[in-house]
Each structure stands twice: as C-alpha cells, then as structure tokens.
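Single-structure report; data block below.
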Amino acid sequence: MNVLWLQSGGCGGCTMSMLCAETPDLLGMLADADIHFLWHPSLSEESGSEAVSVLDRCVSGELPLDVLCVEGSLLRGPNGTGRFHMLAGTGTPMIEWVSKLAARARHTMAVGTCAAFGGVTSGGLNPTDACGLQYEGATPGGLLGADFRSGSGLPVINVAGCPTHPDWVIESLMALSMGEMGAEALDEVGRPRFYADHLVHHGCSRNEFYEFKASAEKPSDMGCMMEHMGCKGTQAHADCNLRPWNGNGSCTSGGYPCISCTEPGFEEPGHPFAETPKVSGIPIGLPTDMPKAWFVALAALSKSATPKRVRVNATSDHTVIAPANRKTGLK
Amino acid sequence: MSRTVLGPFNRVEGDLEVSLEAADGQVSAAWVNSPMYRGFEQILQGKAPHDALVMVPRICGICSVSQSVAAAAALTNAAGAQVPVNGERAINLMLATENLADHFTHFYLFFMPDFAREAYAGTPWFDPVAARFRAIKGSATAEALPARARFLQIMGLLAGKWPHTLTIQAGGSARAVSANERIRLLSMIREFRQWLERHLFGDRLEAVCALESIDDLMSWATGDGPRGADLGRFVQLCDALDLHTLGQAPEVPRYMSFGNYPVEGTPALARGVWHAAAQRLEPMVSSDIVEDLSHAWMAGGGAAHPLKGSTLPDLDKADAYSWCKAPRWQGQVVQCGALSRQVVSGHPLARDMVARAGGNVMSRVIGRLLEIARIVPMMEQWTRALEPGAPFHASVSLPSDGEGVGMVEAARGSLGHWLVIRRGRIHNYQIIAPTTWNFSPRDAQGVPGALEQALVGTPVETGREMPVRVQHVIRSFDPCMVCTVH
Chain A
599 MNVLWLQSGG CGGCTMSMLC AETPDLLGML ADADIHFLWH PSLSEESGSE
649 AVSVLDRCVS GELPLDVLCV EGSLLRGPNG TGRFHMLAGT GTPMIEWVSK
699 LAARARHTMA VGTCAAFGGV TSGGLNPTDA CGLQYEGATP GGLLGADFRS
749 GSGLPVINVA GCPTHPDWVI ESLMALSMGE MGAEALDEVG RPRFYADHLV
799 HHGCSRNEFY EFKASAEKPS DMGCMMEHMG CKGTQAHADC NLRPWNGNGS
849 CTSGGYPCIS CTEPGFEEPG HPFAETPKVS GIPIGLPTDM PKAWFVALAA
899 LSKSATPKRV RVNATSDHTV IAPANRKTGL K
Chain B
838 MSRTVLGPFN RVEGDLEVSL EAADGQVSAA WVNSPMYRGF EQILQGKAPH
888 DALVMVPRIC GICSVSQSVA AAAALTNAAG AQVPVNGERA INLMLATENL
938 ADHFTHFYLF FMPDFAREAY AGTPWFDPVA ARFRAIKGSA TAEALPARAR
988 FLQIMGLLAG KWPHTLTIQA GGSARAVSAN ERIRLLSMIR EFRQWLERHL
1038 FGDRLEAVCA LESIDDLMSW ATGDGPRGAD LGRFVQLCDA LDLHTLGQAP
1088 EVPRYMSFGN YPVEGTPALA RGVWHAAAQR LEPMVSSDIV EDLSHAWMAG
1138 GGAAHPLKGS TLPDLDKADA YSWCKAPRWQ GQVVQCGALS RQVVSGHPLA
1188 RDMVARAGGN VMSRVIGRLL EIARIVPMME QWTRALEPGA PFHASVSLPS
1238 DGEGVGMVEA ARGSLGHWLV IRRGRIHNYQ IIAPTTWNFS PRDAQGVPGA
1288 LEQALVGTPV ETGREMPVRV QHVIRSFDPC MVCTVH
C-alpha cells in the first residue's frame, strides 16, 4: 500500500508523535503490514526536485497512490490564493497540491486535528483562513468540500488529536492495508471509532476524585480537574487514558486538564482553557449523556460522602493520607 | 550566472526554499525563504494570558516543550514569581529530554542519511556508511527509533505526553514526582546512557566530555571502541570529506546562547555571546535584540525590540522574500544552536573547533553530540536531587497590565518569548525562534543571515539540481521552519 505524507500548515508534531510508537521496530512493522512510504518528509531520502518528482508522478497517475496522509491545516489565505503556504521549490500553493493528489488517492487521511478540522492554526481570527481537509471546525466543507469522497468511496478519515497518538495513525493505516476500514468504522465526524468511541474520562487515574467531586483547585493538585480546571475528559472522544502515551502517560496523569484536542473547534472553547465555566456554581459542560439534574443531585450526594483522605489529597500534590489498612472481614 | 531555486528541504519540517547563485563551481550568493506563515502571534492577541500555554507549544511539534518553557517563563516573569527548585529540576529534565531527543533524531534520521546518497557511491567508505545510515533501510534507523521512543518515555511520566504538554506552568511543574518515580526516572536516563555509550560514542560519556581539542577528538575517534561507533564513523567522514571547511560563515564570528537549565536561578549552561575573533565572551541582554522587517513579508520596514514588534502580513511588499523576520543582536548577525551553547559555556573542544575553523558542518554536528554527552549526566544529577514531598509548583498571580520575557535554549538555539498584558488579556506576543536567527533573511543594510552566509563558497556540482554538499550545510543547522515563522 503506497502512502504519501505531506505536511501542510501544522507543527510537525503528529510526525514526531508517530516516531514515538512503542514498538521495537516501527519501520519493520509498517513494512510487514505492506505499508510503503512513497515519500515522508522525516523518513525519506529524497529532497527538492527528487521529492517533487514523486508528487508529480502521483498526480499523473504513474505512481498508484493508495493513501494520501496530510498533516497540518490547509491554508487558503490570503483571499483564497493559498499563498500563505507555497510548497517549497514548486511555486505552487500546498492547497493545490493537496487537491490534485486527493483526486487521485484511493484513501485520504487527515493526520491530526489541524488537517481534520483546522485545529489551533485556525484559532483566533484565523489569519490564514485555515481549515481541515473536509471540515471547518464541526462544519463539513473544508478544502475538499462536504461531498468529497476518495477513490474508495470513503470521506476523509479524520485521525484527530493534537497531536495524534502514534497507534491511532498506525492502526488506521494497517486497517486500510488489510481492507478492514469501511464507512461503519468512522464516527459522525470521520474519526476512526476504535479510539473515538471512548471518552478520555475512561480509565482516568483521577477517577476516585471524580466519584466524590473532590476537586483540584490549582496546577499540581491531584484532585478531579472537571469542576475548576476546565477538564473536558468526560466529553472528549478518545481513549487517551486507556492507551498510554509515551510509556504510561496521559494528559490527566501529567497533571493537567483534557482540552478535548480530538474535537472539532477545541482551539476556541469560549473560555480560558484551564478554567471551568459555570452557571450558579454548576459547570456548563457536563458529562456526555448525563442529564443535568441527575448530575447536580449525584454531585451533592457524593460531595457530602467524600472521605477525608480523598478530600485532603485532592488539593495536595502528593498523597498526604494513604488508604487505611483495615481487615475486610472476608475469608 | 543563474539563480537556482531549491526545495523542499525535508526531514524535520520541510518548508524551506533556498535560492542559490553559483559561479566557478561554487555558491556565490544565497537567499533563504520560509514559504509558510500561520500567524500564531496574531492568534494569541486578545486571549487569556495562560492560554498561551496551550497555543505556543503547537507552534512546533519538534520543540514544543521549549516553547512551553519560554511561555511559562514569560508568564512567571510577568507575575514576578519564583519557581520552586523541584520545579526547576523537573522542567530542566523535560527540556533536556526534548533537546537531546532532537539532537539524536537529527543525527540519525535527518543528517547522516545524506552520506548514503548515490552521489557518494564508489567512495572507499560508502558501503558500510550506507548500510548503517541509509534512509528508512539503514541499521541505525531501526536501532535509533526505539531508543528515541524509550527515552521519550521520560515525557510520559513527567509531562503526560510529548509533544504538547501542559505540565509546564507559570510557577513550575504541575506534575509532582514521587519517590519511586524518581528512581524510575533515573533508570530511564541510565538506559539511554547505555544505548549512547554502546552505539553512538563507543565510550563513556565522561570520556567524550573530557576531549579538549580537535586533536584529542581525532585520536580518540580512531581508538578501539569509538572507531566502530557512530560518532567515530562521523569523525572519519569529516576527515575524508573535509567537512570542517564546509559551511563556514567567517563574517558571523558571534555565537549566542540565552543560557539554559537554571537551578536556583543560575543556568547550568551560561548565557552570553562568544566573539570568536576576539576570543571574548560578551554579556547577552534582551534589550540588545531587535527584529528587522525589511526583507520579510511583514508590514513595516524598520527594526524593533520584540516588546514593541508587530506581525502583520504583507505579501506584496517589495524586496521581501521570506516570512522570516531578521533578528539582530547589537545590530549584528549571530549564530545559535548546540555549538554556540557549548562555546559560550566554555567547553574546550567547542572553543577549539570554533577557533580553528569556525562554525562549520563538522563543528555544528559535533557540538550536538558533545551536548548529549554533557547533559545526560546533568539529568542524572537533577533527578537525584528531586525532593519528593516538597513543592514542584508555586501559585502565581498575573497583573492585569504588565510585561514578561522568557528566554531559553531550544535544541536549535536561542528562543525568546516577549509578552505584553493589557486589561488581563494578551495585548502583544512576539516570538523569536532559533531558526529565525540562523535562517534569517537580509536586513535593512543588506547583510545576509547566518545560513545565507554559510552557503557562500559551497561547491556545487554542475548538472545536479540538489547538490549534496548544499544539503549538508543546510542540515548542519537543522532547519525547523514551523518555529521560524510561526
């Protein structure tokens, strides 16, 4: 399976993340899965005209292009010219290259939230008119248009995340290589469901604090970060706390709130990232699928039942009170 | 004489275009263009100041922690706060992990594969070098990638993930380290040390740090262990290809470092500007820095200190040829990066290399590997000195009006963030990244940037669109263009 990987208006972080894949032999594993990079900016030898020649041969159809991977948002500005990002050495805007190549590709994959939905590059007043391949935030459209379908009939596969987890990319490529990714494998915004059918909250190491609404109040506190610190783990679709990052890391275990970086429009939450917006002391963004009244009732109950250990540890940076050793009475 | 336009220069991040004029088989003039602009400095305006900690790492997925550290330092500075010593050490560990992983990736993935190109086939050293370093297929890639991933597990523990962490906050680190995690961290650093000593250096890190001159290096590199290891192989290549004469910039004898890795406020690597011709270390202060816009696609023509700087695109500006601004120190072009840090901090080998042949392809690459050898033992010391139970973070309160400066050393060199807060919001945010210094375009006086100067004199073979020696020179600076123009 021939894969061409281009970097558009992003930060290169999804490539850097992919190279952190936890396998003894990433390139061997890809080769074994019949995944062959026609060109990848960080891995391939070809530079300059040699690299441009690979692109030209894909556009002409001489080289069969199975998967076009795009990392980074597509910069349409200024005034639709695409001149904020010219592909070096070609005098041609990157958006033109991507449009031509997507028209040839059997599958098109957005690697990261920038390429999927626009991402941080489209933040603020979006000075470069950045968008995703097939979305602009949560709105279908983007560079290729809502009706775009790749040669395979699939829309753009949005491996969203800022950055993406290496496994999300590698396993998506493997599924494509094995012919096992159809329309049913993608959620309503085009994300592979194998990771998007989870919430970041699942498996969070702060779960006991969540249960009792024992909340962190400042950076380095151990408590649940939903109530005050802006954590969106109960609403963000991803398996970040089930699938470790860099060994056994995750955002919430790293001491900071989930900013829902796999979601369209995460870059402009409408409030400071590390603060929870509230109405009458109740957070606005409640857990997905949970009626507000239930949440309020349960939170009041659980807060009243919080053990001292959990309450004290929640606002400490290390365990101050350890769980008590008591005989359970079980035989 | 004709002008050739070359690009993309892939590996770390490919948005780089270089125009060359050649005469008599060598480059006579060069223009460096960063052809992508995203506008982070504009995006940041009007946001809550702490939101910079979400946005700025995403300027660059290669040096995202450096960007975090600079932003957190600017916020801490604006608040007039102090980071607890545990926080300093934890942040040093994260920054050092990123910087060293970057040097490591540069050597194995971005720089050495060029010696396995067909252009060198038939040279006496080619076959073993190609077997080791060929892109994708070389044995070094297969060994280095998992070693890199293992080393970056330090980030999983300390930073949650890499790139793009929010652990690094104004006032310190949001992730306290427990006693058993301190031991685990130490074992992770020691594992990386062992890989380096076995494959990269073929010797103890301390033996590499003890090299005091090029003569020392050459005789060490032909010794029993080092000769068969990767640095030894590179030194032999330098000898075979005269890489110490390639990519010099004799008119840029100034090597800058903002200083790095503070403990109780004192950086482990010193701050300053080394003037190689005068053999003198000069003080480096923020007020000596300006950014010149005359050849950048930015509105305005003058030069301004970053606290007063602006970033407004103007694509139709006459004489402009890059999105990159031209930073200058005391009006002068300077070089920055690992070699500069080692020179400024007084390492004898780095000073000897620069005294004898300046910044060049060999000295810039050796500078990185020397830095790996020097910093890993420091990481061991910082880890041992962590005090579980003592604070890693101190609360800060930002003024509603104020200014802050954060100056750190990223892998590629000096990174500065300048922040102005008005009415509780970001009024102005200006960033000068390392590649902005090294890949600067010309300034108002027409003086070319460091790489533009270093390319002059590079041999260009006729009939080759992408001369391999030009690639060595460019990649010896380790271009990372997303940072440059952000």
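Heads up: the protein sequence lines correspond to chains A and B, in order.
Taking my numbering, I'd label the letters of the first sequence as residues 599 to 929.
Taking my numbering, I'd label the letters of the second sequence as residues 838 to 1323.
For every residue, glycine included, the Cβ atom is placed at its ideal position computed from N, Cα and C.
Worksheet item: Does residue 816 (chain A) get closer than 9 Å to chain B when you measure Cβ to Cβ?
Response: Here residue 816 (chain A) refers to the residue found at position 218 when the first sequence is read from its first residue. Yes, residue 816 (chain A) lies at the interface with chain B (some Cβ there is under 9 Å from its Cβ).
Worksheet item: Exposed or buried, which one is residue 803 (chain A) when buried takes at least 16 other CB atoms within 10 Å?
Response: In the first sequence, the residue the question calls residue 803 (chain A) occupies position 205. Label assigned to residue 803 (chain A): exposed.
Worksheet item: Is the stretch 746–761 of chain A touching the stretch 784–797 of chain A in the sense that three or more CB pairs, one from each, lie closer than 8 Å?
Response: yes
Fill in: Closer than 7 Å at the beta carbon, the chain A residues around residue 1006 (chain B)
Against the second sequence, residue 1006 (chain B) aligns to sequence position 169. Per Cβ cutoff of 7 Å: 817.
Discussion item. Please list, in chain order, the residues of the stretch 837–866 of chain A that have any C-beta partner in chain B closer than 9 Å.
Written reply: 838, 842, 843, 844, 845, 846, 847, 848, 849, 850, 851, 852, 853, 854, 855, 857, 859 and 865
Practice prompt. Could you tell me how far apart the beta carbons of residue 1253 (chain B) and residue 1143 (chain B) are, in whole angstroms, since I believe they sit closer than 8 Å?
Written response: The count along the second sequence starts at 1 and reaches residue 1253 (chain B) at position 416. The count along the second sequence starts at 1 and reaches residue 1143 (chain B) at position 306. Sure, about 7 Å apart at Cβ, within 8 Å.
Discussion item. For residue 717 (chain A) and residue 611 (chain A), what's the separation of their Cα atoms in angstroms?
Written reply: In the first sequence, the residue the question calls residue 717 (chain A) occupies position 119. In the first sequence, the residue the question calls residue 611 (chain A) occupies position 13. Going from the Cα of residue 717 (chain A) to the Cα of residue 611 (chain A) covers about 13 Å.
Worksheet item: Who are the near neighbours of residue 884 (chain B) in its chain, counting only those whose CB is closer than 6 Å to its CB and skipping five residues on each side?
Response: Here residue 884 (chain B) refers to the residue found at position 47 of the second sequence. Once the five neighbours on either side are set aside, the close Cβ partners of residue 884 (chain B) are 1263.
Worksheet item: Does the Cβ-Cβ distance between residue 1132 (chain B) and residue 1158 (chain B) come in under 9 Å?
Response: Counted from its first residue, the second sequence places residue 1132 (chain B) at position 295. Counted from its first residue, the second sequence places residue 1158 (chain B) at position 321. Going by C-beta atoms, residue 1132 (chain B) is nearer than 9 Å to residue 1158 (chain B).
Practice prompt. Using the Cα positions of residue 1221 (chain B) and residue 1023 (chain B), report the straight-line distance between them to the nearest angstrom.
Written response: Here the question's residue 1221 (chain B) lines up with position 384 in the second sequence. Here the question's residue 1023 (chain B) lines up with position 186 in the second sequence. Each residue's alpha carbon lies about 7 Å from the other.
Worksheet item: Of the choices B:934, B:1139 and B:1190, whose alpha-carbon is the least far from that of residue 1324 (chain B)?
Response: The question about residue 1324 (chain B) has no answer, for chain B in this structure spans 838 to 1323.
Fill in: Contact set for residue 954 (chain B): own chain, Cβ-Cβ below 7 Å, skip 5 residues either direction
For the purposes of this step, residue 954 (chain B) is taken as the residue at position 117 of the second sequence. Cβ neighbours of residue 954 (chain B) beyond the five flanking positions: 1305.
Worksheet item: Any idea if residue 1282 (chain B) is buried or exposed, counting beta-carbon neighbours within 10 angstroms, 16 or more meaning buried?
Response: As a first step, residue 1282 (chain B) is located in the second sequence; it is residue number 445 there, counting from the start. Counting Cβ neighbours within 10 Å, residue 1282 (chain B) comes out exposed, since fewer than 16 surround it.
Practice prompt. Hey, could you find the ends of the alpha helix (DSSP H) residue 935 (chain A) is sitting in?
Written response: Nothing in the structure corresponds to residue 935 (chain A), since chain A is present only between 599 and 929.
Worksheet item: So with Cβ pairs under 9 Å, would you call residue 941 (chain B) a contact of chain A?
Response: Locating residue 941 (chain B) in the second sequence gives position 104, where the first residue counts as 1. No, because no Cβ of chain A sits closer than 9 Å to the Cβ of residue 941 (chain B).
Practice prompt. Determine the closest residue to residue 890 (chain B) out of A:857, A:875 and A:925, with distance taken between C-alpha atoms.
Written response: The residue you call residue 890 (chain B) lines up with position 53 of the second sequence. Of the candidates A:857, A:875 and A:925, the one whose C-alpha sits nearest the C-alpha of residue 890 (chain B) is A:857.
Fill in: Closer than 9 Å to chain A by CB, residue 1125 (chain B)
Counted from its first residue, the second sequence places residue 1125 (chain B) at position 288. For residue 1125 (chain B), the answer is no, since every Cβ of chain A falls outside 9 Å of its Cβ.
Discussion item. Under 8 Å: do the stretch 1050–1061 of chain B and the stretch 1160–1180 of chain B share three or more Cβ pairs, one atom per stretch?
Written reply: no
Fill in: Contacting positions in the stretch 701–719 of chain A - beta carbon closer than 7 Å to chain B
718 and 719
Fill in: Assigned exposure category for residue 918 (chain A) - 16 Cβ within 10 Å defines buried
If you number the first sequence from 1, residue 918 (chain A) lands on position 320. Residue 918 (chain A) is exposed by the Cβ-count criterion.
Discussion item. By the DSSP assignment, the beta strand (DSSP E) with residue 605 (chain A) in it spans what residues?
Written reply: Reading the first sequence from its first residue, position 7 is the one you call residue 605 (chain A). It spans 600–605 - the beta strand (DSSP E) in which residue 605 (chain A) sits, taken as one unbroken run.
Practice prompt. Starting from the beta carbon of residue 799 (chain A), find every residue of chain B whose beta carbon is closer than 7 Å, and list them in chain order.
Written response: As a working mapping, residue 799 (chain A) is identified with position 201 in the first sequence. The contacting residues do not exist; residue 799 (chain A) stays about 15 Å from chain B at best.
Discussion item. Quick check on the DSSP output: the alpha helix (DSSP H) that includes residue 768 (chain A) runs from which residue to which?
Written reply: Within the first sequence, the letter at position 170 stands for residue 768 (chain A). It spans 764–775 - the alpha helix (DSSP H) in which residue 768 (chain A) sits, taken as one unbroken run.
Fill in: Range of the contiguous alpha helix (DSSP H) that encloses residue 1024 (chain B)
On the second sequence, position 187 is the one that residue 1024 (chain B) refers to. Element bounds for residue 1024 (chain B): 1016–1032.
Worksheet item: Would you say residue 683 (chain A) faces chain B, with C-beta separation under 9 Å as the test?
Response: The residue labelled residue 683 (chain A) in the question sits at position 85 within the first sequence. Yes, residue 683 (chain A) counts as interfacial toward chain B.
Practice prompt. Check the Cβ of residue 871 (chain A) against every Cβ in chain B and list those closer than 7 Å, keeping chain order.
Written response: The residue labelled residue 871 (chain A) in the question sits at position 273 within the first sequence. Neighbours of residue 871 (chain A) on chain B, chain order: 888 and 891.
Worksheet item: Taking residue 918 (chain B) as the reference, which of B:1257, B:1008 and B:1155 has the closest Cα?
Response: Numbered from 1 along the second sequence, position 81 holds the residue referred to as residue 918 (chain B). Minimum Cα distance to residue 918 (chain B) is reached at B:1008.
Worksheet item: When the Cα of residue 1141 (chain B) is compared with those of B:1255, B:1063 and B:1080, which residue comes out closest?
Response: Here residue 1141 (chain B) is taken as the residue at index 304 of the second sequence, counted from 1. Among B:1255, B:1063 and B:1080, the Cα nearest to that of residue 1141 (chain B) is on B:1255.
Worksheet entry | Proximal residues of chain A, C-beta to C-beta of residue 969 (chain B) below 7 Å | Position 132 of the second sequence, counting from 1, holds the residue named residue 969 (chain B). Residues of chain A passing the Cβ test: none, with the nearest at roughly 14 Å.
Worksheet item: What is the residue span of the alpha helix (DSSP H) that residue 856 (chain B) lies within?
Response: As a position in the second sequence, residue 856 (chain B) is number 19, starting the count at 1. No alpha helix (DSSP H) holds residue 856 (chain B); the beta strand (DSSP E) holding it covers 854–860.
Item to complete: Enumerate in chain order the residues of its own chain whose CB-to-CB distance from residue 849 (chain A) is below 6 Å, with the five nearest sequence positions on each side excluded.
Response: Stepping through the first sequence from its first residue, residue 849 (chain A) is reached at position 251. 856.
Practice prompt. Going by DSSP, name the residue or residues bridged to residue 1149 (chain B).
Written response: Locating residue 1149 (chain B) in the second sequence gives position 312, where the first residue counts as 1. Looking at the DSSP assignment, residue 1149 (chain B) forms no beta bridge with any residue, so it has no partner.
Worksheet item: Does the distance from the CB of residue 1233 (chain B) to the CB of residue 910 (chain B) come in under 9 Å?
Response: By one-based count along the second sequence, residue 1233 (chain B) stands at place 396. By one-based count along the second sequence, residue 910 (chain B) stands at place 73. It is not a contact, given that the beta carbons lie outside the stated cut-off.
Item to complete: May I ask you to list, following chain order, the residues of the stretch 849–875 of chain B that have a beta carbon less than 7 Å from some beta carbon of chain A?
Response: 849, 850, 851, 852, 853, 854, 872, 873, 874 and 875
Practice prompt. Provide the residue(s) that pair with residue 672 (chain A) in DSSP beta bridges, ordered along the chain.
Written response: Locating residue 672 (chain A) in the first sequence gives position 74, counting from the first residue. According to DSSP, which records beta bridges pairwise, residue 672 (chain A) is partnered with A:729.
Worksheet item: So the beta strand (DSSP E) residue 808 (chain A) belongs to, where does it begin and stop?
Response: For the purposes of this step, residue 808 (chain A) is taken as the residue at position 210 of the first sequence. Residue 808 (chain A) -> not in any beta strand (DSSP E); alpha helix (DSSP H) instead, spanning 805–809.
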